[in-house]
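In our numbering, the protein residues as written are 130 to 192. Glycine is no exception: its CB is placed at the ideal position from the N, C-alpha and C atoms.
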């Protein structure tokens, strides 16, 4: 009985994991260039003022 229960739990888990792996392989296999971004942020001209950072960080509780 325990073998059947393990099989009933393991089989869907293995099949779901396999389908996700194959889906990722199909998605990344169809990309022909190396610039694969979900989102891209340009930080070349980013400046952070320390006073503004302190104001924003003061809004969150300290742990």
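Excluding five sequence neighbours on each side, which residues of the same chain lie with their C-beta closer than 6 Å to the C-beta of residue i?
i           : result
residue 191 : none
So the alpha helix (DSSP H) residue i belongs to, where does it begin and stop?
i           : result
residue 181 : 179–186
residue 146 : 131–158
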